[in-house]
Amino acid sequence: MLDPRLIRNELEETAQKLLKKGATLDTSTLAELEAKRKSLQVKTEQLQSERNKSAKSIGKAKSQGEDVAPLLAAVADLGDQLKEAEASLSETQSALDEILMGIPNLPHESVPYGKSEEDNQEVRRWGEPKAFAFEVKDHVDLGAALGLLDFETAAKITGARFSVMTGALAKLHRALITFMLNTHTKDHGYTEIYVPYLVNRESLTGTGQLPKFEGDQFVTTSEQGYCLIPTAEVPITNTMRGDILEADALPLKYVSHTPCFRSEAGSYGRDTRGMIRQHQFEKVEMVQFVKPEDSYAALDRLTEHAETILQKLELPYRVVNLCGGDLGFSAAKTYDLEVWLPGQDRYREISSCSNFESFQARRMKIRWRNPETKKIELLHTINGSGLAVGRTLVAIMENYQDEEGRVHVPKVLQHYMGGIKVLDSTV
RNA sequence: GGAGAGGUGGCUGAGUGGCCGAAAGCGGCGGUCUUGAAAACCGUUGAGGGUUUGUCCCCUCCCAGGGUUCGAAUCCCUGCCUCUCCGCCA
């Protein structure tokens, strides 16, 4: 959520900034509602004050044994007036809140202008896409030939956009998770955390998936209406919901492996082949709670932490600064890591590292005591994938294939694989 | 699933209709003392919002949402959560 003060005092400038993100504000409706809220609030508080005063004097009179009947008569209709005023105030306030909760975060000034993926700005590249002396296969063909990756069976069990992995491929998938978690906990100072995979609606509202993106979630029909997490960002960030953190506890850095569930509504026909876009996938996620002044430096560090995984796996990638139009709802700035996929002859997103500034913290009331101002202030949240495990597996399969259709195991993963160095039809 | 107890400020914990935004203790902060520190003593210390930018006033908040009442932390209803015992279970 944006600071309501921006809507009150800097409405036009805010609307202007949101254009970069491709969002338009209905400024006249907002201004109207805000004016209404103001007058209703003043009126309501006046009535409340009156009620408090009269209640107090009645109490005093009663304790002195005076006749309170005339006093009671004087406030007879106050209750109804107050009830009415409170009702219209809360009505106006919720109308305002509903709009406010649907306004995306403002983009940081360093975010480039643009409408889509095409306009993202390449920041840097690492590694050189390998030149293959043979016709490369994509991961689907490689996996099928090895007999380790099976989409038909997944479709039978469940439906489209699911996969079944067996044997050494399933093991490699698991090895990746352990490798990533170990790297972030040992080398990058993150605390591993295990969280629920079903969350309530407050949590999804806190990080920004609700109310606007209900259609993207898998909602259960349980009594509580729990939702499957679309990313570990949701449960991890919400661990601190409503908390006030001490300055010396910051930054807090958490890493977690969870499955992620996404309905992929609206992506029909995109990436229908293979494991790139699934309803269920594993992800290792890093989340940090940081002081506002540190958040952009922390975003750079966190992005590097994600890059480290790709570098250790020796997978070529590039970093892009997302343009305004491609930026997510809650993000002020996002770096995407895109890994080279020989099967597609292009770079594909494998991690998304974002600074949300105080946008999520305001929704969740996550605050800290600032020793300098001696005040309680909102902190900043940042997070990033480190990495999307399924896509990393795809990248390994395609980048480490050989002419015989075998897949070599990256050096850093070999000791997680119990000595298996090559995935061929015998493993 | 059955039975019971309970949710109060950073923490512990008192408060069963008005004098309660809330005792007391701990913690935090400031001070006295001290070469410095500790101890002791004194003082201070919740959050959000409105109005105003005048620390002057006002409002809201004692799990959440309703209700009763002139007046609710306190009474009633619903929900959520925690704890104890029994049952069941990975």
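Sequential numbering of the first sequence, starting at -19, is according to this note's numbering. C-beta atoms are modelled at their ideal positions from N, C-alpha and C, and glycine is treated no differently.
Whole-angstrom distance between Phe193 and Pro50, CA atom to CA atom: The count along the first sequence starts at 1 and reaches residue 50 at position 70. The count along the first sequence starts at 1 and reaches residue 193 at position 213. About 56 Å.
Every unbroken alpha helix (DSSP H) inside the region 345 to 385 [4 residues or more]: Runs of the alpha helix (DSSP H) inside the region 345 to 385: 369 to 379.
Cβ shell of Arg371 (< 6 Å), same chain only, five flanking positions each side left out: Here residue 371 refers to the residue found at position 391 when the first sequence is read from its first residue. Cβ within range, chain order: Ile330.
Inter-residue Cα distance where the pair is Phe198 and Leu69: Here the question's residue 198 lines up with position 218 in the first sequence. Here the question's residue 69 lines up with position 89 in the first sequence. Between Phe198 and Leu69, the C-alpha separation is close to 34 Å.
CB-CB length for His420 against Tyr380, believed under 8 Å: This structure cannot settle anything about residue 420, because the visible part of the chain is limited to -19 through 407.
Presumed contact (8 Å Cβ cut-off) between Met266 and Val235, rounded CB distance: Against the first sequence, residue 266 aligns to sequence position 286. Against the first sequence, residue 235 aligns to sequence position 255. Confirmed, about 5 Å.
Three-state class that DSSP yields for Ser331 in the structure shown: Position 351 of the first sequence, counted from the first residue, corresponds to residue 331. Strand.
Gln(-4) burial status per 10 Å Cβ neighbour count (16 or more: buried): Here the question's residue -4 lines up with position 16 in the first sequence. Around the beta-carbon of Gln(-4), fewer than 16 other beta-carbon atoms lie within 10 Å, marking it exposed.
Where the alpha helix (DSSP H) containing Met160 begins and where it ends: In the first sequence, counting from the first residue as 1, residue 160 sits at position 180. Residues 147 to 166.
Three-state class that DSSP yields for Ser236 in the structure shown: Along the first sequence, read from residue 1 onward, the residue named residue 236 stands at position 256. In this structure, Ser236 counts as strand in the three-state DSSP scheme.
Neighbourhood of Val55 by C-beta, 6 Å cutoff - its chain only, sequence neighbours within 5 removed: Against the first sequence, residue 55 aligns to sequence position 75. Ser34.
Beta carbon of Gln340 nearer than 8 Å to that of Thr217: The residue you call residue 340 lines up with position 360 of the first sequence. The residue you call residue 217 lines up with position 237 of the first sequence. Cβ atoms of Gln340 and Thr217: closer than 8 Å.
With 16 other Cβ atoms within 10 Å as the buried cut-off, status of Ser19: The residue you call residue 19 lines up with position 39 of the first sequence. Exposed, since its Cβ has fewer than 16 Cβ neighbours within 10 Å.
Alpha carbon of Phe159 to alpha carbon of Asp223, nearest angstrom: Taking the first residue of the first sequence as 1, we reach residue 159 at position 179. Taking the first residue of the first sequence as 1, we reach residue 223 at position 243. Going by the C-alpha atoms only, they are around 32 Å apart.
Nearest candidate by alpha-carbon position, reference Thr185, set Asp77, Asn335, Ile362: Stepping through the first sequence from its first residue, residue 185 is reached at position 205. Checking every option, the nearest Cα to that of Thr185 belongs to Asp77.
Cβ shell of Val116 (< 8 Å), same chain only, five flanking positions each side left out: Here residue 116 is taken as the residue at index 136 of the first sequence, counted from 1. Its chain contains Pro322, Gly323, Glu378, Gln381 as the residues whose beta carbon lies nearer than 8 Å to that of Val116, once the 5 sequence neighbours on both sides are disregarded; these appear in chain order.
Contact between the region 355 to 362 and the region 270 to 287 (3+ Cβ pairs under 8 Å): With the cut-off at 8 Å, the region 355 to 362 and the region 270 to 287 touch.
Nearest-angstrom Cβ-Cβ length linking Leu317 and Pro87, presumed shorter than 8 Å: Here residue 317 is taken as the residue at index 337 of the first sequence, counted from 1. Here residue 87 is taken as the residue at index 107 of the first sequence, counted from 1. Not confirmed; about 19 Å, so no contact.
Cβ-Cβ distance between Ile79 and Leu10 below 8 Å: Stepping through the first sequence from its first residue, residue 79 is reached at position 99. Stepping through the first sequence from its first residue, residue 10 is reached at position 30. A contact, by the Cβ cut-off of 8 Å.
Burial state of Tyr297, where buried means 16 or more other Cβ atoms lie within 10 Å: Counting from one through the first sequence, the residue named residue 297 turns up at place 317. Buried: at least 16 other Cβ atoms inside 10 Å.
Same chain only: Cβ atoms within 8 Å of Ser96, ignoring 5 sequence neighbours per side: Within the first sequence, the letter at position 116 stands for residue 96. Excluding residues within five positions, the ones whose Cβ falls inside 8 Å are Cys303, Gly305, Asp306.
Inter-residue CB distance, Gly107 and Glu294 (contact presumed, cutoff 8 Å): As a first step, residue 107 must be located in the first sequence, where it is residue number 127. As a first step, residue 294 must be located in the first sequence, where it is residue number 314. Sure, about 7 Å apart at Cβ, within 8 Å.
Completely contained beta strand (DSSP E) runs for the region 76 to 128, where each covers 3 or more residues: Here the runs fully enclosed are 101 to 106.
Cβ-Cβ distance between Phe336 and Ala368 below 8 Å: The residue labelled residue 336 in the question sits at position 356 within the first sequence. The residue labelled residue 368 in the question sits at position 388 within the first sequence. Taking 8 Å as the Cβ cut-off, Phe336 and Ala368 do not qualify as a contacting pair.
Chain-order list of residues whose beta-carbon lies under 8 Å from that of Thr220 (same chain, five-residue window excluded): For this step, residue 220 is matched to residue 240 along the first sequence. It should be pointed out that residue 220 corresponds to Met in this sequence rather than to Thr. The answer, listed in chain order, is Leu232, Phe269, Met344, Ile346.
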